[in-house]
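S.K.: Pasting a structure here, questions to come.
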Amino acid sequence: MNTAAFNHITDNELLKKYQSDLNKEWLGILLQRYTLLLLGVCMKYLKNEEEAKDAVQQIFLKALNELEKYQVDYPKSWLYKIACNHCLMKIRDRKSTIELDQQNDQILLIDVPDESIEEKEMNLTLLENALEDLNQEQKTCITLFYHHKKSYQQISNITGYTLLQVKSNIQNGKRNLKLMLLKKQNRL
Amino acid sequence: MKSWRAIFNKEAPLSDDELINYLKNEVNADEMHDLEQKIAASDFNMDALEGLSAFKDKSQIANTTHLLNQQLKKQINKSKSKRRKRNIESQQWIILVTLAILLLSIFGYLLIHYSR
C-alpha cells in the first residue's frame, strides 16, 4: 500500500478500519507514521544506532501484537509509552551505567496526557501564576520561546545555555506547567 | 497574552521531511520558530529530535527509516500469509468432517435399506 495516499486518514480512523476488517496493513500504515520518531526515541535512550534500529523492530512487533488485543485511544502517546518502556527494559537488562533514576523520572512523567489541558479552557491567569513557580532557567526559556518567538539557537545565544539545555528547559518547563495547571484546575 | 496559548496548542502534524530538514539544518530562519514550536508540542517529538541529533550520519536517517518500514511491511505480509494458511487448514478440516458425516449417513441409509 502507498502510505502517502492515506495521509488524510487519522490514526484513530486507521485503528477503526483495522478493527472492522482485521487487515494488518492498516496498522502498518499507522506505525510507519512514527518510524522516524520511534528511531529517535530509541536512539535517545539506548545511545547506539544498531540497538535503536533493533528496538524499533521489536516495538513494531509488540505494537502489532497488542493492537490486536487492546483498545487504544491515543495511538501516538501509546506508542511513545511503549517505546520508552521498551528502552528502559533494555537499559535495565544491560545494567548500563546510564543514570536510571533520571530516565525513570522522565518515563513516569509522560503519563500526563497531552490532551487534558487542551480539552479544558485554559485559564491564562492560572498559567501566568504557574509560570512564576517554574525555576528561573525554565521560565526564561519558555518565555523566550513562546512569548518572544525566539528559535532554540537564538535562546542559546541570549542565555548562554547549550542547545540541549534550551530544549530540555522548554520540555521540562512545559511538563511542569501542565502538572501545575492540572493540579490547580482540579482544585477549582 | 495570545502567544501563551501556543504552549498547549493542539499538536500540528510534523512530517518526516520537516524533521529531517531541521536535523540537516536546511530550514530557513523564518520557518525555524514555527517548526520548533511544532516539535515542542509533544514530548515524543522532543525526545525523537534529541535522539536523531545523535546519529553520526544524518543523511542516512531517511534511508534507515525506509529500511525499517520495508521490514515492517514484510512482517505484516508474513503474518497475513500465516493467517491465510491457518484459514485454509481449518477450512480443509471442515470439508473433511462434512464429507465423513455425509459418507456415514449414506452408508447408514444403505445399510438400513438393504437389511430390510
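From first to last, the protein sequence lines stand for chains U and W.
Just so you know, our numbering puts the end of the first sequence at 240, numbered straight through with nothing missing.
Just so you know, our numbering puts the end of the second sequence at 143, numbered straight through with nothing missing.
Glycine included, C-beta positions come from ideal geometry on N, C-alpha and C.
1) Between which two residues does the alpha helix (DSSP H) holding W:ALA75 run?
2) Rounded to the nearest angstrom, what separates W:LEU130 and W:LEU123 at their Cα positions?
3) Pull up the CB-CB distance for W:ILE178 and W:LEU76, whole angstroms please, since I reckon it's below 8 Å.
4) Applying the criterion that 16 or more other CB atoms from any shown protein chain within 10 Å of the CB defines a buried residue, is U:GLN188 buried or exposed?
5) Using a Cβ-Cβ distance under 8 Å, would W:GLU116 count as near chain U?
6) Which residue comes first and which comes last in the alpha helix (DSSP H) that contains U:VAL93?
7) Between W:ILE34 and chain U, is there a C-beta pair that is closer than 8 Å?
8) Flag this pair as touching only if the stretch 86–103 of chain U and the stretch 95–105 of chain W have three or more C-beta atom pairs under 8 Å; answer yes or no.
9) In angstroms, rounded to a whole number, what distance separates the CA positions of U:LEU183 and U:ILE194?
10) Leaving aside the five residues before and after W:LEU41 along the sequence, list all residues of the same chain whose C-beta is less than 7 Å from its C-beta, in chain order.
11) What first and last residue would you give for the alpha helix (DSSP H) that runs through U:GLN188?
12) Buried or exposed, going by whether 16 or more other CB atoms sit within 10 Å of the CB of W:LEU137?
13) Would U:LEU67 and U:LEU82 qualify as a contact pair, given that the criterion is a beta-carbon distance under 8 Å?
14) Indicate whether U:TYR132 and U:VAL108 have their beta-carbon atoms separated by less than 8 Å.
15) Please check if any C-beta of chain W sits within less than 8 Å of the C-beta of U:THR87.
16) Just to confirm my understanding: we take U:LEU196, look at its own chain, exclude 5 residues before and 5 after, and list those with CB closer than 6 Å. What are they?
17) Just to check my reading of the structure: U:THR192 and U:THR211 have Cβ atoms closer than 8 Å, yes? What is that Cβ distance to the nearest angstrom?
18) Show which residues of chain W have a CB atom less than 7 Å away from the CB atom of U:GLU77.
19) In angstroms with no decimal places, state the Cα-to-Cα distance between U:LEU152 and U:PRO127.
M.R.: To lay it out plainly:
1) 70–80
2) Annotation: W:LEU130 to W:LEU123 spans about 10 Å, alpha carbon to alpha carbon.
3) Residue 178 of chain W lies beyond the range of chain W shown here (28 to 143); nothing can be said about it.
4) The residue in question, U:GLN188, is exposed, as its Cβ has fewer than 16 Cβ neighbours within 10 Å.
5) no
6) 87–98
7) yes
8) yes
9) 9 Å
10) Residues of the same chain with a CB within less than 7 Å of the CB of W:LEU41, apart from the 5 flanking positions on each side, are LYS65, ILE66 and ASN72 in chain order.
11) 188–194
12) exposed
13) yes
14) With a cutoff of 8 Å on beta-carbon distance, U:TYR132 and U:VAL108 are scored as not near each other.
15) yes
16) Cβ within range, chain order: LYS202 and ILE207.
17) 6 Å
18) ILE103
19) Its pLDDT being 49, under 50, U:LEU152 is placed unreliably by the model, and nothing is read from it.
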